[in-house]
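Participant: Going down the list, the sequences are from chains B and H.
Be aware that the first sequence starts at 1, since it is given in my numbering, and climbs by one per residue.
Be aware that the second sequence starts at 1001, since it is given in my numbering, and climbs by one per residue.
Even for Gly, the Cβ is constructed at its ideal location relative to N, Cα and C.
The structure's right below; bear with me while I get my questions together.
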Amino acid sequence: MEDSNNNLENFFRDRFNQRIEPQDWNIPDNEVWDSIASEINKEDKRRRVGILPIILVGSSILLSLFMGIDNYNKSKSIASLQKELQECSNQTVISNGDDNTVKKDVKNEVKSQDHASVAVNAHNQSIQLTSLDNSGSDKKISKKNKSSKASAPNIINTKNKEIELNNFQVMDLNEPLEVSNLASRIPAQMAYLPSLNNNFLFKQNSSLSLELPVVQENLPPKLKSNNGFSFGPSMQYIFWQDKVKGSFNNPLEGLLVKEETLPSLALGLALNKKINDHLVLNTGLMYYQRNQTSKYEINLPYSTVDEINVGSEFENKFSHSLPTGLGDINTNLVLSRSINSPVTNNENVYLDFSLQNHVSALAVPLMLTYHMKEMGNGFFFQGGIMNEFIIHNEIREVNTESHHTFVKDKSINVDYNTSQINKFNTSAMIGIGYEKEILKGIGISLSTNYGFALTNTFATPNYQHKIDQLGLQMMVVKKI
Amino acid sequence: MDNQKIKLCIEGNRVAQKELYEAYKVNLYVLCQRYFSDLEDAKDALQEGFVKVFRDLHQYDEAKGHVSSWIKKVFVNTCLEKLRKKKIDFQKIEDYDHEVVYESGILSDLNLKDLTKMIQKLPTGYRTVFNLYVIEGYNHLEIAEKLGISESTSKTQLMKAKNMLRLKLEDVFK
């Protein structure tokens, strides 16, 4: 008995480990390979699309980090500038010596002080550095020139001389006097000065004068944001609500069990424009994918009269048109049964049929936000429209499952015309949210909004399909 | 199939992938037919198996054996997965307690196609355990884990499968 067992096992094992002759087997050649190649293409496509959200999320994080660091550095620089301007608002440098002396003196006295913090008066080919103490009286700083000519404080006045301070640019007034020329010579931070408290450059008695009025304690808010624009990454998690209206104009009327759309992750960029302290206009661009599943329960009277004999079984073909959120699809279903199965004519065959509509879309919101306090701080309400542009749509994942004991679902093909969908959709949006400035000039906002679909994704005279949306959004924006 | 070709397959080169398909399709189609009584199911398994092979080929570790063994494992798992979806009920399969002792010499007259047909005619549970134990070489513990059954069920199914095959062989040579 044991030997017999082993013999049988060894026999089968050996036979199946031997070389198999292809001619003995009817290999479904091109048909199978075509299906495999098509599946691999789909997998590749899915993999590529799958990476996109990761890239977008990664880019958003990097952008946020970069903006944070950039903002931190600028804040530091502005604070330092602010401090120095304040210190130097009481200082006057008067030039009346030779170049070497001027260079030495000013370097010694001003040292690390920023060029922008110094007010210079070059007169009679000499420079003298003086400062004012808190009481306003002159205090001489220059070691060379002890004269205390503070008659024209806060004025640069040079004549045929090159003056070079720590960070000052060499200024030769023999050159034609042009604002663009000056701008290039003024160190970076100096560029802020003309915008402060209406400073201005002017030409006076063939000499260049830069007036530096007393700098106020605090810099005006104009330094932070002048144009009212803010920009940054945004992310939204969207729940979709399918709304189906009407009836199906085909033999499967009433058999649609469920049409539901899975939540989507939308990634993109937001651009805001401040209108006034309370009102902000929001726009931007978002990308997302939407997967909608349509489930049908099909009850088919199986006709044995229309059967075709295929080898050891009978086949029966059924064609139907089914409405989905992306348009009508035509299905070609093949059911089969074994020749000996006891199926009678018109016997009901129950099938589950499901398919997935896949959509890639770009959305452009146009919203108006009302801030309860002011932009960048506190709660806000918003309303507007969301415009959706469908850039790609297809039918995926078509499945059937027969519940009949003897009739099985052999194959199903779906014909779908991608152009029947409405490629442009609009929704009316309302929402509330909260915004907080996390770093200087950078705000984070969390909001929730609901969109009432104003257009149908697909409609026929008898059938309309639209999708409402509920979004949870997070934005990080930086004033630009 | 050399390593260069496998690399090309991983990179998604369709020509290399077609070559791999051509090289293994016959053996793997026979393997699929051993697990499914229905040719359409076997064809589906062949397709699904190759898609999985091309998708997961980057996971193949050369140090762990030849690529053909890895591919075979992928196919066996694909077939089992498909069978699981069809819900094999090992407990409800009718009992064949008939013990038959058969002379082994006569078996050599049967070709591979006949043997495959015989295996195909076994009930799903018997067929699956028989394939896994006798042809693929898994032990009962491994089979039990793979199929979510007890070791004793696996042993019983194998014994019954062999008895049934003996009966079938008896019929052939009557």
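Taking only beta-carbon positions, decide if H:R1127 is within less than 8 Å of chain B.
Facilitator: It does not; no Cβ of chain B falls within 8 Å.
Participant: Compare the C-beta of H:Y1021 with all C-beta atoms of chain B and state if any pair is closer than 8 Å.
Facilitator: Cβ-Cβ to chain B under 8 Å: yes for H:Y1021.
Participant: Take B:N299 and list the residues in its own chain whose beta-carbon comes closer than 6 Å to its own, dropping the five residues that flank it on each side.
Facilitator: Excluding residues within five positions, the ones whose Cβ falls inside 6 Å are N348 and Y350.
Participant: Using a Cβ-Cβ cut-off of 7 Å (strictly less than) and excluding sequence neighbours within five positions of H:A1016, which residues of its own chain qualify?
Facilitator: Closer than 7 Å at the Cβ level, and outside the excluded window around H:A1016, lie K1005, L1008 and C1009.
Participant: Here's the rule I'm using: 16 or more other beta-carbon atoms within 10 Å means buried, otherwise exposed. How should B:N282 be labelled?
Facilitator: The residue in question, B:N282, is buried, as its Cβ has 16 or more Cβ neighbours within 10 Å.
Participant: What does the alpha-carbon distance come out to for the pair B:I390 and H:K1064?
Facilitator: Answer to the nearest angstrom: the Cα atoms are 47 Å apart.
Participant: Tell me the DSSP secondary structure of H:Y1029 in three-state form.
Facilitator: Note: H:Y1029 maps to helix in three-state DSSP.
Participant: For chain H, find out if any of its Cβ atoms is closer than 8 Å to the Cβ of B:S341; answer yes or no.
Facilitator: So no, B:S341 is outside the interface.
Participant: Does the Cβ-Cβ distance between B:G433 and B:K479 come in under 8 Å?
Facilitator: Against a cut-off of 8 Å, the Cβ pair of B:K479 and B:G433 comes out as no contact.
Participant: Once DSSP output is grouped into helix, strand and coil, what is the label at B:I308?
Facilitator: DSSP places B:I308 in strand when its eight states are reduced to three.
Participant: Please name the residue in B:L333, B:S319, B:Q356 and B:E315 whose C-alpha comes closest to that of B:N340.
Facilitator: It is B:E315.
Participant: Let's see if you can read the secondary structure: which residues bound the alpha helix (DSSP H) around H:V1067?
Facilitator: Here the alpha helix (DSSP H) through H:V1067 covers V1067 to K1085.
Participant: State the DSSP-derived secondary structure class of B:L265, mapped to helix, strand or coil.
Facilitator: Looking at B:L265 - three-state DSSP - the assignment turns out to be strand.
Participant: Would you call the CB atoms of B:G228 and B:M475 closer than 8 Å?
Facilitator: No, the pair does not count as a contact, with Cβ atoms beyond the cut-off.
Participant: Helix, strand or coil for H:H1140 per DSSP?
Facilitator: Here H:H1140 sits in helix by DSSP.
Participant: Under three-state DSSP, which class holds B:I395?
Facilitator: Residue state, collapsed to three classes: strand.
Participant: Would you report the Cα separation of B:G443 and B:Y237, rounded to the nearest angstrom?
Facilitator: Roughly 19 Å between the two C-alpha positions.
Participant: Please classify B:Y484: is it buried, with 16 or more other beta-carbons within 10 angstroms of its beta-carbon, or exposed?
Facilitator: Nothing about residue 484 of chain B can be reported from this structure: the residues present for chain B run from 1 to 480 only.
Participant: So the candidates are H:F1054, H:F1036, H:Y1021 and H:L1112; which of them puts its Cα closest to the Cα of B:F16?
Facilitator: When only C-alpha atoms are compared, the closest one is H:L1112.
Participant: For chain B, check one thing: does any of its Cβ atoms lie closer than 8 Å to the Cβ of H:Q1091?
Facilitator: Residue placement at H:Q1091 cannot be trusted, given a pLDDT of 49 that sits under 50; the coordinates are not used to answer.
Participant: Taking a Cβ distance cut-off of 7 Å, strictly less, list which residues of the region 1021 to 1042 of chain H are near chain B, in chain order.
Facilitator: Per Cβ criterion, the list reads Y1021, K1025, V1026, N1027, Y1029, V1030 and E1040.
Participant: Check whether the Cβ of B:E435 lies closer than 8 Å to any Cβ atom in chain H.
Facilitator: Not an interface residue.
Participant: Between the C-alpha atoms of H:Q1091 and B:S402, what's the straight-line distance to the nearest angstrom?
Facilitator: Low confidence applies to H:Q1091: its pLDDT is 49, below 50, so where it sits in the model is not reliable enough to give any reading.
Participant: So with Cβ pairs under 8 Å, would you call H:Q1004 a contact of chain B?
Facilitator: Taking Cβ atoms only, chain B never reaches closer than 8 Å to H:Q1004, which makes this a no.
Participant: Take B:E9 and list the residues in its own chain whose beta-carbon comes closer than 8 Å to its own, dropping the five residues that flank it on each side.
Facilitator: Cβ within range, chain order: n/a, list empty.
Participant: Which residues of chain B have a Cβ atom closer than 7 Å to the Cβ of H:R1055, listed in chain order?
Facilitator: Correct list: E43.
Participant: Whole angstroms are fine: how far does the CA of H:L1132 sit from the CA of H:N1139?
Facilitator: If you take the alpha carbons of H:N1139 and H:L1132, they lie about 8 Å apart.
Participant: Are B:L265 and B:Y288 close, meaning C-beta to C-beta below 8 Å?
Facilitator: Cβ atoms of B:L265 and B:Y288: closer than 8 Å.
Participant: Determine which residues of the region 4 to 33 of chain B have a Cβ less than 7 Å from any Cβ of chain H, and write them out in chain order.
Facilitator: Within the region 4 to 33 of chain B, the residues whose Cβ lies closer than 7 Å to some Cβ of chain H are S4, N5, N7, L8, E9, F11, F12, R13, R15, F16, I20, P22, D24, W25, I27, P28, V32 and W33, listed in chain order.
Participant: Taking B:E39 as the query, report the chain H residues whose CB atoms sit under 8 Å from its CB, ordered along the chain.
Facilitator: The contacting residues are Q1047 and V1051.
Participant: Could you check how far apart the C-beta atoms of B:N422 and B:T460 are, in whole angstroms? I think they sit under 8 Å.
Facilitator: Wrong, their Cβ atoms sit about 12 Å apart, outside the cutoff.
Participant: For B:K410, go through chain H and note every residue whose CB falls closer than 7 Å to its CB, in chain order.
Facilitator: Under the 7 Å cutoff, chain H gives E1040.
Participant: Suppose contacts are defined by Cβ-Cβ distances below 8 Å. Is H:Y1029 in contact with B:W33 by that definition?
Facilitator: No, these two residues do not count as a Cβ contact at 8 Å.
Participant: Which one or two residues does DSSP pair with B:Q236 in a beta bridge?
Facilitator: Beta-bridge pairing links B:Q236 to B:A266 and B:Q473.
Participant: Which one of B:S336, B:H392, B:N309 and B:D14 has the shortest CA to CA distance from B:N291?
Facilitator: When each option's Cα is compared against that of B:N291, the closest is B:H392.
Participant: Does the beta carbon of B:S35 sit closer than 8 Å to a beta carbon anywhere in chain H?
Facilitator: True, the Cβ-Cβ gap to chain H drops below 8 Å.
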